[in-house]
Amino acid sequence: MRLIAILLALLVVGFLTYKQMGGGSNTQLQQVQRMIGDNAPKVPTSVNEVKQFANDMNDYVKDEAAKRAAEIEKAASR
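Count along the sequence shown starting at 1, add 3, and that's the number in the numbering used here.
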């Protein structure tokens, strides 16, 4: 009987630890993926693509900043 109680307590502690550590939940990852969409530049896989990636990333950041500025302007004008 004690063994069953100990196993049950371990099961509960394990479950609570799993939930506390964020097991099975990747909502933050999904939020980030929704925010950036498919517009973000892909990470280079070879050394030759790094300079182009830097240019693409700079353009992306500037475009996103312009979008955010337009959204802020639109919200402020209400």
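Every residue gets a Cβ at the ideal spot worked out from N, C-alpha and C, and that includes glycine.
Please report the residue range of the alpha helix (DSSP H) in which Gly-17 lies.
5 to 23
Any 3 or more C-beta pairs closer than 8 Å across the region 28 to 44 and the region 55 to 71:
In short, these stretches touch, since the Cβ pair count reaches three.
Where the alpha helix (DSSP H) containing Asn-58 begins and where it ends:
53 to 79
With a threshold of 8 Å on Cβ separation, who are the neighbours of Ile-9 within its own chain once the five nearest residues in sequence on each side are excluded?
none
Given this structure, state the Cα-to-Cα distance separating Met-38 from Glu-67, to the nearest angstrom.
11 Å
Reduced DSSP secondary structure (H/G/I, E/B, other) of Val-46:
coil
Rounded to whole angstroms, what's the CA-CA distance from Leu-13 to Ile-7? Just pull it up for me.
10 Å
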